[in-house]
Every structure is written in structure tokens, then in C-alpha cells.
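Student: This is the structure I want to talk about, given as C-alpha cells.
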Amino acid sequence: MNVLIYIESENGAPKKSALEAVAYGAEIAKGQVVALASSDTATADLGNYGADKVLQFAVSGKLEASQVAELVAQAAEAQNAEVVIFAKSILNDLAAPMVGIKLGASVASNVIEKPDFSKGFVVKRSVFSGKAFTEVALNNAKKVLTIKKNAVAMTEKGKTAAVESFSPAITASPVQIKETTQKTGDILLTDADIVVSGGRGLKGPEHWGMIEELAKTLHAATGCSKPVSDMDWRPHHEHVGQTGIKVSPNLYVAVGISGAIQHLAGVSSSKTIVVINKDADAPFFKAADYGIVGDAFDIIPKLTEALKKAM
Ligand SMILES: Cc1cc2nc3c(=O)[nH]c(=O)nc-3n(C[C@H](O)[C@H](O)[C@H](O)COP(=O)(O)OP(=O)(O)OC[C@H]3O[C@@H](n4cnc5c(N)ncnc54)[C@H](O)[C@@H]3O)c2cc1C
Numbered sequence: 001m002n003v004l005i006y007i008e009s010e011n012g013a014p015k016k017s018a019l020e021a022v023a024y025g026a027e028i029a030k031g032q033v034v035a036l037a038s039s040d041t042a043t044a045d046l047g048n049y050g051a052d053k054v055l056q057f058a059v060s061g062k063l064e065a066s067q068v069a070e071l072v073a074q075a076a077e078a079q080n081a082e083v084v085i086f087a088k089s090i091l092n093d094l095a096a097p098m099v100g101i102k103l104g105a106s107v108a109s110n111v112i113e114k115p116d117f118s119k120g121f122v123v124k125r126s127v128f129s130g131k132a133f134t135e136v137a138l139n140n141a142k143k144v145l146t147i148k149k150n151a152v153a154m155t156e157k158g159k160t161a162a163v164e165s166f167s168p169a170i171t172a173s174p175v176q177i178k179e180t181t182q183k184t185g186d187i188l189l190t191d192a193d194i195v196v197s198g199g200r201g202l203k204g205p206e207h208w209g210m211i212e213e214l215a216k217t218l219h220a221a222t223g224c225s226k227p228v229s230d231m232d233w234r235p236h237h238e239h240v241g242q243t244g245i246k247v248s249p250n251l252y253v254a255v256g257i258s259g260a261i262q263h264l265a266g267v268s269s270s271k272t273i274v275v276i277n278k279d280a281d282a283p284f285f286k287a288a289d290y291g292i293v294g295d296a297f298d299i300i301p302k303l304t305e306a307l308k309k310a311m
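Numbering (the working numbering), first residue to last: 1 to 311.
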């Protein structure tokens, strides 16, 4: 069973979530593990996390979902791949079902564990914003999976992947995409390993400097609760929760956020949650791994200074 993994890259390197997808592919493959990456993507890590081969395609500009789908479907046919793997992302969530249609494959998104082969090909998926799990049997000969971020342990294999070039025939014309502006150097909320979020407890936009300083110190992205973005204290793309962005970082730091169920829906699959709130009865503490009861205006500057010294 050959496995093909589509690699999303950033600044010439595979995204961490793409390497997790490679590690997942290496765990389940019973044949070749092929990574499909643009020719300007560094290949060393792809081999190191389990790819036998890197299929390189030349890029001219950014591909959108229907173009990615064409590219991946053609590569899957060329490599006789039975399983196609994507890391979950906004682009890949659109492309994966299109690949499923092109290949006549069973599709499962948000996969969090290796398939149970004893039952055929049964995968566990995270559903309802991480509040529940479901098991899905994929019965078609070909399968397309998207893997949830941080769900896979990455093991270095120390391999070097062979590199081969691939020239797909892409006929899909790009759709018009309105890109939201992202300042250079910002860490994308959905990709971040660490997120520092602020809520209404911060009283106003003029106090966000301390949140940004803490985030910068931790190399984290910044997020916020819904009322904060509704009041235009922060941009809407930072709004985390049921009606906003769902994050699953290794560390989520919530400052002055009460922990309403709609906010928790967006953060519940974070590995570790730290809550800073002056109200000891704030509901967020029930979901927290670590909590600090106190005034954010005292704690955050001290915490940032201590972290700067320690790092
Ligand atoms: C349909 C629907 C969808 C929704 N979707 C979302 C969503 O996606 N995301 C979301 O976030 N919300 C969402 N909400 C809103 C949600 O119900 C809450 O109202 C919201 O999350 C509360 O935001 P908050 O915690 O910032 O503010 P508050 O509830 O006002 O809480 C502020 C917190 O700050 C603490 N605090 C105050 N001062 C300090 C201080 N100096 N230091 C430390 N702590 C302090 C307080 O103790 C309090 O716990 C939704 C609501 C509805 C009805």
C-alpha cells in the first residue's frame, strides 16, 4: 500500500503539520511513502520523518484548492497511492474532498489516530470541536485523510529521501481569493504551537501591548474572545471559539477570558491550557491544566519578564 502525502510549506520549509502527516504516512504504509512537495521546499526533514521519495513539482505562484486537487490526484495515480494524506489546514480541507471525488476514494477529515486494520480501515476522527470522537470505516479501495494538527507523534527516522521531479497538467483556473492581510513575522493562529489569547478582562485595546509582548517572548500567535473582536479591540481573524478559529496548539494561555462554552469549543483540543483570571470561580479554570488566580495587569508583565530571563 503506497501512501502519498501533500506537503504545505512555509518560507521554503515543510510546515510542522506536514511533517506530522509524513510521520503518520510512514507509520501506516505497507509500500512506498511519497511526499509531494513544491520544488522550492527543503527535502531533508521529509526523509528524516519517513518519506522514501519526494516528488517535486515546479510552482508558479500560489496554488488554490482545485489546482492542488488536480496535482495531488495526478500524483496519486502516477505513484499507485492507495492512501492520500493531507495535514488539516484551510486549503487542504477544501482540496481533500475534491481529491476524493477525482479518485473515487473514501474521505475522512480530522483524523487523530492510526487506522485500525483489524477491522479493515477504520479511523478515529475528532468531531464537534473536539468534544467527541467517531470511528469511520473507509471501504473504498482508495482513501483520502486529513490529519489533525498535534495528533501524531513525530519520530525521526534518519532517512534520506530520493528526489524525483513531477510535471502535472493543471487545467483548473484559479478562483479569485481574497486574502486577509497578515503582517510579516506574525505567526498564523491556526499553525501556532503556542497561542496567547486575551478577553474582555483586559478592559480595552490599549492594554494589548502586554499580551503581544508575552506572545512575542513565547514565539506565540495572539488570539482573543468573541466580544473582544466584536468591539474591534482586535481583528476578527483572531477570534477563537465556536464561531471563530479553532486552535489546537501545544500551549494555550487565556488571559481575562471567562471560559464560556462557546470559547472552550475552539480551544478544547489544546495540549496544555493555562488560565489567568482574577475570579477563582471563572469556568475556564475547570478546563485548565494550570491556573493563576490574580490580576492580569500584575501578572502578565512579571511573567513576561521572568520568561525573558529564563529563555
Ligand atoms: C451563538 C454564540 C456564539 C458564540 N461564539 C463565541 C466564540 O466563538 N468565541 C468566544 O470567545 N465567545 C463566543 N460567544 C460569546 C461567549 O458566550 C462569551 O460571552 C464570551 O466568550 C465572553 O468573553 P470574555 O470571556 O472575554 O468576557 P467576559 O465573559 O466578560 O469575561 C471576562 C473575564 O475576565 C476576568 N477578568 C476581569 N478583569 C480581570 C483582570 N484584571 N485580570 C484577570 N482577569 C480579569 C473576569 O473574571 C472574567 O472571567 C458566543 C456566544 C453565542 C451566544
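Where a beta carbon is used, it is the ideal one built from N, C-alpha and C, also for glycine.
1) Rounded to whole angstroms, what's the CA-CA distance from T160 to G47? Just pull it up for me.
2) Tell me, please, which residues DSSP counts as bridged to Y6.
3) Entirely within the segment 226 to 270 and at least 3 residues each: give me those beta strand (DSSP E) ranges in chain order.
4) Near ligand 1, which residues have their beta-carbon closer than 5 Å to a heavy atom?
5) I believe L36 touches L63 by the beta-carbon criterion, under 8 Å. Please report the beta-carbon distance rounded to the nearest angstrom.
6) I300 to Y290, Cα distance in whole Å?
7) How would you call N11, buried or exposed, if buried means at least 16 neighbouring beta carbons within 10 angstroms?
8) Which parts of the segment 181 to 224 are runs of the beta strand (DSSP E), unbroken and 3 residues or longer, counting only runs that do not cross its ends?
9) Buried or exposed: where does M231 fall if 16 or more other Cβ atoms within 10 Å of its Cβ makes it buried?
10) Using only the alpha-carbon positions, how far apart do I100 and A280 sit?
11) Which term fits L238, buried or exposed, when burial requires 16 or more other beta carbons within 10 angstroms of its beta carbon?
12) Pop quiz: V196 and V255 are said to be a contact at Cβ under 8 Å. What is the actual Cβ separation, rounded to whole angstroms?
13) When DSSP labels each residue in this structure, what does N110 get in the three-state scheme?
14) Closest by CA to E156, which one among A65, A51, I7 and I194?
15) Three Cβ pairs or more, each shorter than 8 Å: is that satisfied between the segment 26 to 34 and the segment 57 to 71?
16) Could you tell me whether the Cβ atoms of S225 and Y252 are closer together than 8 Å?
17) Is L19 closer than 8 Å to V83 when the C-beta atoms are compared?
18) Let me know the secondary structure DSSP gives N48 once reduced to three states.
19) Within a Cβ cutoff of 6 Å, which residues of the same chain sit near A312, ignoring the five residues on either side of it in sequence?
20) Use the C-beta contact count for K286: other C-beta atoms within 10 angstroms, 16 or more gives buried, fewer gives exposed.
21) Just curious, the beta strand (DSSP E) that E70 is in, first and last residue?
22) Ordered along the chain, which non-local residues of its own chain (more than five positions away) have a Cβ less than 7 Å from that of M1?
23) Residues in its own chain within less than 6 Å of K124 by CB, not counting five upstream and five downstream?
24) Is the distance from the Cβ of A42 to the Cβ of L55 below 8 Å?
25) Which value, in whole angstroms, describes the spacing of the CA atoms of S9 and V34?
26) Return the chain-ordered list of same chain residues with a C-beta closer than 8 Å to the C-beta of A162, the five sequence neighbours on each side being excluded.
27) Can G294 and I276 be called in contact, C-beta distance under 8 Å?
28) State the Cα-Cα distance for the pair A137 and S126, rounded to the nearest angstrom.
29) For a quick check, are the C-beta atoms of A265 and G201 less than 8 Å apart?
Tutor: Per the coordinate set shown:
1) 5 Å
2) L36
3) 251 to 255
4) G199, R200, G201, S225, K226, P227, G241, Q242, T243, G244, G256, I257, S258, A260, Q262, H263, N277, K278, D279, A282, D295 and A296
5) 11 Å between Cβ atoms; not a contact.
6) For I300 and Y290, the distance between alpha carbons rounds to 15 Å.
7) exposed
8) 194 to 198 and 221 to 224
9) exposed
10) The residue you asked about is not Ile; residue 100 is Gly in the sequence shown. Whole-angstrom Cα-Cα distance: 49 Å.
11) Here the sequence assigns Glu to residue 238, which means Leu is not the residue at that position. Burial call: buried.
12) Contact flag correct, Cβ pair sits at about 7 Å.
13) Three-state DSSP puts N110 in a strand.
14) A51
15) no
16) Result no, Cβ atoms of S225 and Y252 do not sit closer than 8 Å.
17) no
18) helix
19) Because residue 312 is not part of the residues shown, which for the chain are 1 to 311, the question remains open.
20) exposed
21) Run containing E70: none in the beta strand (DSSP E); it sits in the alpha helix (DSSP H), A65 to A78.
22) A29, K30, G31, E82 and V83
23) I112, E113, F133 and E135
24) no
25) 16 Å
26) D52, K53 and V54.
27) yes
28) When only Cα atoms are considered, A137 and S126 end up about 14 Å apart.
29) For A265 and G201, no; Cβs fall outside 8 Å.
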